[in-house]
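**Q** In the working numbering, the protein residues as written are 166 to 389. Idealized CB from N, CA, C, for every residue including glycine. First the structure, which I've put down as structure tokens, then a few questions once you've had a look.
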Ligand SMILES: C[S@@+](CC[C@H](N)C(=O)[O-])C[C@H]1O[C@@H](n2cnc3c(N)ncnc32)[C@H](O)[C@@H]1O
């Protein structure tokens, strides 16, 4: 079985079994607590991605969130744009996100869609001014899939846009960041040096790695 199919099957099982736990590694008693965790993480991540801006001033036309799960971050992230596309390889994650939409997206700004996990064929070149992907690319199972995603993100990114993708850059250390439940889909690390060299060859605009966020992952950011 190829790694993209393995990853899709894994996330389908996760979405049916216990999506909140698989998404955050935590148990929640209420939906509201789970979605509140998305607000905390978006505030933190936007502040890191846009260090020179007050996040309240951020305002995008069109946001793409890759690996949106059930919408934990999407329902707050859409406040920073006119519209948001949330895409995920798991049909069940997307089905649940749409179910939550009535409560958490009353303005109907979001379109949730299933994606193939490899590229963004359904989107035209230069469609988005912000592309965001959090805790997703470390679970693709292989490095080629990450590079395929990065290449196609660059195609759909507007020339005035910014892309931010969280990527595994360090070996997993037992007892620290290693959860054996992800063993079958863990992406091997891609060093920061390799990432920057890939981005330079692919002619990404102004690629940079943000200061280390966690032990094993880093944000690759490019664009204005
Ligand atoms: C750990 S969850 C994170 C969900 C969401 N980003 C959040 O923080 O709440 C990872 C999600 O990414 C999805 N996923 C994994 N690989 C993907 C890929 N290549 N493209 C799109 N979605 C993917 C999974 O189905 C799952 O919903």
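(1) So, for residue 192: in the same chain, excluding its five sequence neighbours on each side, which residues have a beta-carbon less than 8 Å away from its beta-carbon?
(2) With respect to the beta strand (DSSP E) encompassing residue 247, which residues constitute its N-terminal and C-terminal limits?
(3) Rounded to a whole number of angstroms, what is the C-alpha to C-alpha distance between residue 246 and residue 265?
(4) Is residue 253 near ligand 1, in the sense that its beta carbon is under 7 Å from a heavy atom of that ligand?
(5) Hey, quick one: how far does the alpha helix (DSSP H) through residue 196 stretch, first residue to last?
(6) With a cut-off of 8 Å on the beta carbons, I'd call residue 291 and residue 323 a contact; round off their distance for me.
(7) Mind checking whether the beta-carbon of residue 332 lies closer than 7 Å to any heavy atom of ligand 1?
(8) Can you tell me whether residue 367 is helix, strand or coil according to DSSP?
(9) Kindly list the residues whose CB is nearer than 7 Å to the CB of residue 275, restricted to its own chain and excluding five residues on each side of it in sequence; keep chain order.
(10) Nearest-angstrom Cα distance between residue 149 and residue 253?
(11) Does residue 269 come out as helix, strand or coil in the three-state DSSP assignment?
(12) Over the uninterrupted beta strand (DSSP E) stretch that includes residue 277, give me the two end residues.
(13) Among 170, 168, 179, 213, which residue has its Cα nearest to the Cα of residue 346?
(14) Relative to the C-alpha of residue 374, which candidate in 198, 361, 389, 319 has its C-alpha closest?
(15) Among 357, 368, 169, 210, which has the Cα closest to the Cα of residue 316?
**A** Considering the structure as presented:
(1) 185, 186
(2) 246-253
(3) 19 Å
(4) yes
(5) 196-214
(6) 5 Å
(7) no
(8) coil
(9) 239, 243, 249, 251, 266
(10) Look at the range of the chain in this structure, 166 to 389, and you will see that residue 149 is not part of it.
(11) helix
(12) 275-279
(13) 179
(14) 361
(15) 368
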